[in-house]
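Notes to accompany the following structure.
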Amino acid sequence: MNISPKNTLLVRVADLVKFFENVKNDFDIFIPYTSNSDNDNLFYKKFRENLDFVPNKFRTIDPIKTLFYFTSEKILPISNKKRKRIIFGVKNCDIQALKVLDSALLEDNFVEPNYKMWREKSYIISSDCTDILPSCHCNLFDINPYPTKDSDKDAIFDLNFSPIDDKFLITIGSKKGEELVELLKKYCSVSNASAKDNDKLESQYAEIRKKLTDNNSEYSSNRKYEVIAKGDSEKKWKEISEECVECGACTNICPTCYCIIVNDESENGKFKKVRTWDSCQLNGYAKVAGGASPREKLWERFRNRYQCKFILMNQNFSKLGCTGCGRCISTCSAEIDKREVIQSFQEV
Amino acid sequence: MDNPYEVLKADVLNVIEESPQIKTFQLKLEKPLEFQTGQFVELSLPGIGEAPFTPSSSHYQDPTKMDVTIMNAGFVTNKLHQVKAGDILGIRGPYGKGYPLDKFKGKDILLLGGGVGLAPLRCLLLTLIHDIDDYKSITLCFGARTPQDLIYKDQFADWRKINKIQLSRSVDEIPKGEKWDEKVGVVTVLLDDIKIDTKDAVAVACGPPIMMKFGTYALIDKGFKEENIYLSMEKKMYCGFGQCRHCVMGKYYACKDGPVFTYDTIKNEEKIWE
Numbered sequence: 004m005n006i007s008p009k010n011t012l013l014v015r016v017a018d019l020v021k022f023f024e025n026v027k028n029d030f031d032i033f034i035p036y037t038s039n040s041d042n043d044n045l046f047y048k049k050f051r052e053n054l055d056f057v058p059n060k061f062r063t064i065d066p067i068k069t070l071f072y073f074t075s076e077k078i079l080p081i082s083n084k085k086r087k088r089i090i091f092g093v094k095n096c097d098i099q100a101l102k103v104l105d106s107a108l109l110e111d112n113f114v115e116p117n118y119k120m121w122r123e124k125s126y127i128i129s130s131d132c133t134d135i136l137p138s139c140h141c142n143l144f145d146i147n148p149y150p151t152k153d154s155d156k157d158a159i160f161d162l163n164f165s166p167i168d169d170k171f172l173i174t175i176g177s178k179k180g181e182e183l184v185e186l187l188k189k190y191c192s193v194s195n196a197s198a199k200d201n202d203k204l205e206s207q208y209a210e211i212r213k214k215l216t217d218n219n220s221e222y223s224s225n226r227k228y229e230v231i232a233k234g235d236s237e238k239k240w241k242e243i244s245e246e247c248v249e250c251g252a253c254t255n256i257c258p259t260c261y262c263i264i265v266n267d268e269s270e271n272g273k274f275k276k277v278r279t280w281d282s283c284q285l286n287g288y289a290k291v292a293g294g295a296s297p298r299e300k301l302w303e304r305f306r307n308r309y310q311c312k313f314i315l316m317n318q319n320f321s322k323l324g325c326t327g328c329g330r331c332i333s334t335c336s337a338e339i340d341k342r343e344v345i346q347s348f349q350e351v
Numbered sequence: 175m176d177n178p179y180e181v182l183k184a185d186v187l188n189v190i191e192e193s194p195q196i197k198t199f200q201l202k203l204e205k206p207l208e209f210q211t212g213q214f215v216e217l218s219l220p221g222i223g224e225a226p227f228t229p230s231s232s233h234y235q236d237p238t239k240m241d242v243t244i245m246n247a248g249f250v251t252n253k254l255h256q257v258k259a260g261d262i263l264g265i266r267g268p269y270g271k272g273y274p275l276d277k278f279k280g281k282d283i284l285l286l287g288g289g290v291g292l293a294p295l296r297c298l299l300l301t302l303i304h305d306i307d308d309y310k311s312i313t314l315c316f317g318a319r320t321p322q323d324l325i326y327k328d329q330f331a332d333w334r335k336i337n338k339i340q341l342s343r344s345v346d347e348i349p350k351g352e353k354w355d356e357k358v359g360v361v362t363v364l365l366d367d368i369k370i371d372t373k374d375a376v377a378v379a380c381g382p383p384i385m386m387k388f389g390t391y392a393l394i395d396k397g398f399k400e401e402n403i404y405l406s407m408e409k410k411m412y413c414g415f416g417q418c419r420h421c422v423m424g425k426y427y428a429c430k431d432g433p434v435f436t437y438d439t440i441k442n443e444e445k446i447w448e
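Chains as they are written, first to last, in the working numbering: chain A, 4 to 351; chain B, 175 to 448.
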């Protein structure tokens, strides 16, 4: 099969469940579900037949990195016993975040061994957003709420599913995606999509884009980021960060934050290293043994997240470290809204 | 695929007490670990932790042997100071970039060091001495808080014997009962007496942050060009190769882009001295 950017195939939602049931012994299948204790948010959980499968309309609350770059993970020695997995319902904010993580962890002289393995073992089925959360703002970064295949190279997603009525319209994103389609065909009837289906998709695209534009109408999309690091902005950052309680939730929940500490857990003559997420918001993050620390004050640490996302990552990877998923906004106990912070610097 | 976290076993052959706060650990590695002077390694104390250090032995030494000089300054180094000959450590690396020795050739070279900052400078110095014909001269300006805080005490005499080497030392203060007949004052006072043409010379500085800062200003005052001042930066590091992000200084990583930077490269980044 040729890889084509055109959407050509259709599969019924009900059939997809059959597919998951049939391949669940060969793959770990992760699907966004609501939780009994939290009906507002979606969480990745392993596929279970007794849980209702409802295609997720928007992003999960847990960022995609939790499935590729665990909170804590052994990095020495490496375990090769990793099962293949299918991750369903990944939204474009997370797809774009994986691009940032790939730049940071795969594309230099040193390759993160676990991350690489999880990337290889995972089949990513992304899907279009059909609704948004109040914190969603990918449009401010020129990111669409639906992944598309824009070049001949393999996309980050292997397959993308666009919901149309009771069916999904399939875009193949990679060679792994081609494999997955073959597997899909074994268990589901896959038909060709019509021009009408594609038209319907276009109108859905327009509709969801409009929702996002309306949601973020108070924020300008052509924002300048260098202004956030201006030397004379100390007073302003102090004011903005006044309510911050330094919990570090914004960085933990961010799909592009990948800071870690490394612990030595060697025992019985065997070397063992474990890495665990860290947060630049916490005091002590950059403190050296002699006591020197480049960011002693809360406002400096608070500002660092913005500098890192909007200036430094852009210098390092030629992409912004924010994809507009809005998780840091929905999780902040001080109700600090990143969109407002950036906007306030545009209006000076 | 290579795991960048792969650790080699390092037997501690000997521990030398250099000063009340500083020890040199002589290691025997299970496999050769080649490095270029200026690069660093991560040394781990099994079950306790690990920290980055620049070797203090020459890169021309047998690659299964390495000296690491460590100050008791924090949690891991405190535990490392309890290590004895016969104990086992882990080592991984090398990471970072070495000194661009090609650019040093034919030039007057000045090493400005304070306290445990002499450790990476000794690695460089031993390498320079090995190829001494390639360099015009070597000026050493070394300082410490008090005479007993100076490290490598028994090696200065040998270095002074080398024709092309000029060595001067200073201490900040002389506590009662200690003897000292060289300069007194912060290490930059030694720069007043240097006898090289600084416009084309190379300076390499390593020491505590405050010394690095005022040392750099003093070197510029003396006529060194910003692009010829090499600074060995100390930042928090975990991974050593640009993935833990702790050592970020603006767009640079102290680990993979450094740990040595010329002053003109980093002077516009924020808070480089802290």
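Glycine is no exception: its CB is placed at the ideal position from the N, C-alpha and C atoms.
Can G287 (chain A) be considered in contact with the ligand PLP, in the sense that its beta carbon sits closer than 8 Å to one or more heavy atoms?
-> By its list of ligands, the structure shown contains no ligand whatsoever, and the ligand PLP lies outside what it can speak to.
In this structure, what does DSSP give as the bridge partners for Y426 (chain B)?
-> Taking the first residue of the second sequence as 1, we reach residue 426 (chain B) at position 252. Answer is B:M423, bridged to Y426 (chain B).
Span of the alpha helix (DSSP H) holding C297 (chain B)?
-> In the second sequence, the residue the question calls residue 297 (chain B) occupies position 123. Where C297 (chain B) is concerned, the enclosing alpha helix (DSSP H) stretches over 292–304.
Helix, strand or coil at P220 (chain B) [DSSP, three-state] = Within the second sequence, numbered from 1, the residue matching residue 220 (chain B) stands at position 46. Of the three classes helix, strand and coil, the one that applies to P220 (chain B) here is coil, per DSSP.
Sequence-distant residues of its chain with Cβ nearer than 6 Å to G317 (chain B) (five each side left out) = Reading the second sequence from its first residue, position 143 is the one you call residue 317 (chain B). Closer than 6 Å at Cβ, skipping near neighbours: G288, S344, V361.
Inside the region 145–204 of chain A only - beta strand (DSSP E) runs reaching at least 3 residues | 162–167, 170–175, 193–195
Just the Cα atoms here: how many angstroms apart are L292 (chain B) and W280 (chain A)?
-> As a first step, residue 292 (chain B) is located in the second sequence; it is residue number 118 there, counting from the start. As a first step, residue 280 (chain A) is located in the first sequence; it is residue number 277 there, counting from the start. About 34 Å.
Is the region 254–263 of chain B close to the region 304–317 of chain B, with three or more CB pairs under 8 Å?
-> The answer is no - the region 304–317 of chain B does not touch the region 254–263 of chain B, with fewer than three Cβ pairs under 8 Å.
So, does the CB of Y412 (chain B) fall closer than 9 Å to a CB anywhere in chain A?
-> Translated into positions along the second sequence, residue 412 (chain B) becomes position 238. Yes, contact with chain A.
Secondary structure of I324 (chain B), DSSP reduced to three states = Position 150 of the second sequence, counting from 1, holds the residue named residue 324 (chain B). Strictly speaking, residue 324 (chain B) in this sequence is Leu, with Ile absent from that position. DSSP places L324 (chain B) in coil when its eight states are reduced to three.
How long is the line joining the alpha carbons of K188 (chain A) and C325 (chain A), rounded to whole angstroms?
-> For the purposes of this step, residue 188 (chain A) is identified with residue 185 of the first sequence, where counting begins at 1. For the purposes of this step, residue 325 (chain A) is identified with residue 322 of the first sequence, where counting begins at 1. Straight-line Cα distance between these residues: approximately 37 Å.
Three-state class that DSSP yields for P116 (chain A) in the structure shown | To locate residue 116 (chain A), count along the first sequence from 1; it is residue 113. Helix, per DSSP.
Within the same chain, show all residues whose beta-carbon is closer than 6 Å to that of S224 (chain A), passing over the 5 residues directly before and after it, in chain order.
-> As a working note, residue 224 (chain A) is residue 221 in the first sequence. Within the same chain, S224 (chain A) has close Cβ partners L143.
Straight-line CA distance for I127 (chain A) to V57 (chain A)?
-> Walking along the first sequence from the start, residue 127 (chain A) turns up at place 124. Walking along the first sequence from the start, residue 57 (chain A) turns up at place 54. Cα to Cα, I127 (chain A) sits roughly 18 Å from V57 (chain A).
Check the Cβ-Cβ distances between G248 (chain B) and every residue of chain A, and say whether any is below 9 Å.
-> Indexing the second sequence from 1 puts residue 248 (chain B) at position 74. Yes, because at least one Cβ of chain A sits closer than 9 Å to the Cβ of G248 (chain B).
Shorter than 9 Å from the beta carbon of H420 (chain B) to some beta carbon of chain A?
-> Within the second sequence, numbered from 1, the residue matching residue 420 (chain B) stands at position 246. Yes, its Cβ sits closer than 9 Å to a Cβ of chain A.
Report the rounded CA-to-CA distance for E245 (chain A) versus Y261 (chain A), giving the unit in angstroms.
-> As a position in the first sequence, residue 245 (chain A) is number 242, starting the count at 1. As a position in the first sequence, residue 261 (chain A) is number 258, starting the count at 1. Each residue's alpha carbon lies about 25 Å from the other.
Between the beta-carbon of L300 (chain B) and the beta-carbon of I312 (chain B), is there less than 9 Å?
-> Translated into positions along the second sequence, residue 300 (chain B) becomes position 126. Translated into positions along the second sequence, residue 312 (chain B) becomes position 138. Against a cut-off of 9 Å, the Cβ pair of I312 (chain B) and L300 (chain B) comes out as no contact.
Pick from B:G381, B:K205, B:K350: whose alpha carbon is nearest that of L286 (chain B)?
-> Residue 286 (chain B) sits at position 112 when you count from the first residue of the second sequence. A check of alpha carbon separations from L286 (chain B) across B:G381, B:K205, B:K350 identifies B:G381 as the nearest.
Go through its chain and collect everything with a Cβ distance to C421 (chain B)'s Cβ below 7 Å, but skip five positions before and after it.
-> Along the second sequence, read from residue 1 onward, the residue named residue 421 (chain B) stands at position 247. Excluding sequence neighbours, C421 (chain B) sits near K409, K410, M411, Y427, A428, C429.
Buried or exposed (CB count within 10 angstroms, at least 16 for buried), S197 (chain A) | For the purposes of this step, residue 197 (chain A) is taken as residue 194 along the first sequence, with counting starting at 1. It is exposed - the Cβ of S197 (chain A) has fewer than 16 other Cβ atoms within 10 Å.
Taking just the CA atoms, how far does A247 (chain B) sit from V295 (chain A)?
-> For this step, residue 295 (chain A) is matched to residue 292 along the first sequence. For this step, residue 247 (chain B) is matched to residue 73 along the second sequence. Reading off the sequence shown, one finds Ala at residue 295 (chain A), where the question assumed Val. If you draw a straight line from the Cα of A295 (chain A) to the Cα of A247 (chain B), it comes to about 11 Å.
Could you give the C-beta distance for E204 (chain B) and R266 (chain B), rounded to a whole number, given that I count them as a contact under 8 Å?
-> Within the second sequence, numbered from 1, the residue matching residue 204 (chain B) stands at position 30. Within the second sequence, numbered from 1, the residue matching residue 266 (chain B) stands at position 92. Not quite, the Cβ-Cβ distance comes to about 12 Å (not below 8 Å), so this is no contact.
List the residues that DSSP assigns as beta-bridge partners of G288 (chain B).
-> Position 114 of the second sequence, counted from the start, is the residue given in the question as residue 288 (chain B). Bridge partners of G288 (chain B): B:G317.
Pick from B:P178, B:W354, B:K281, B:T390 that is closest to I339 (chain B), judged by C-alpha positions | Here residue 339 (chain B) refers to the residue found at position 165 when the second sequence is read from its first residue. The candidate whose alpha carbon is nearest that of I339 (chain B) is B:K281.
T216 (chain A) classed as buried or exposed, judged by whether at least 16 other C-beta atoms fall within 10 angstroms = The residue you call residue 216 (chain A) lines up with position 213 of the first sequence. Exposed, since its Cβ has fewer than 16 Cβ neighbours within 10 Å.
Taking Cβ positions only, does K271 (chain B) come closer than 9 Å to chain A?
-> To locate residue 271 (chain B), count along the second sequence from 1; it is residue 97. The Cβ of K271 (chain B) sits no closer than 9 Å to any Cβ of chain A.
Can you have a look at E24 (chain A) and say buried or exposed, based on whether 16 or more other CB atoms are within 10 angstroms of its CB?
-> The count along the first sequence starts at 1 and reaches residue 24 (chain A) at position 21. Only exposed fits E24 (chain A), as fewer than 16 other CB atoms lie within 10 angstroms of its CB.
C-beta contact flag for T133 (chain A) and K87 (chain A) at 9 Å | Position 130 of the first sequence holds residue 133 (chain A). Position 84 of the first sequence holds residue 87 (chain A). No, the Cβ-Cβ distance between T133 (chain A) and K87 (chain A) is not below 9 Å.
Continuous alpha helix (DSSP H) stretch holding K279 (chain B): start and end = Within the second sequence, residue 279 (chain B) is the residue found at index 105, counting from 1. Note, K279 (chain B): premise wrong, no alpha helix (DSSP H); not H, not E.
From M423 (chain B) to E444 (chain B), what does the alpha carbon distance come to, in whole angstroms?
-> Here residue 423 (chain B) is taken as the residue at index 249 of the second sequence, counted from 1. Here residue 444 (chain B) is taken as the residue at index 270 of the second sequence, counted from 1. A direct Cα-to-Cα measurement between M423 (chain B) and E444 (chain B) gives close to 7 Å.
Taking the alpha-carbon positions, what's the I262 (chain B) to L219 (chain B) distance?
-> To locate residue 262 (chain B), count along the second sequence from 1; it is residue 88. To locate residue 219 (chain B), count along the second sequence from 1; it is residue 45. Going by C-alpha positions, I262 (chain B) is about 8 Å away from L219 (chain B).
Extent of the continuous alpha helix (DSSP H) run through T334 (chain A) = Position 331 of the first sequence, counted from the first residue, corresponds to residue 334 (chain A). Start and end: 330–334.
To the nearest angstrom, report how far apart S154 (chain A) and I175 (chain A) are at their CA atoms.
-> Taking the first residue of the first sequence as 1, we reach residue 154 (chain A) at position 151. Taking the first residue of the first sequence as 1, we reach residue 175 (chain A) at position 172. Those two C-alpha atoms are separated by around 12 Å.
F316 (chain B) touches chain A at which residues, Cβ-Cβ below 8 Å?
-> Within the second sequence, the letter at position 142 stands for residue 316 (chain B). Simply none; closest approach about 19 Å.
How many Å lie between Q322 (chain B) and G221 (chain B) at the Cα?
-> Reading the second sequence from its first residue, position 148 is the one you call residue 322 (chain B). Reading the second sequence from its first residue, position 47 is the one you call residue 221 (chain B). Looking at the two C-alpha atoms, the distance is approximately 32 Å.
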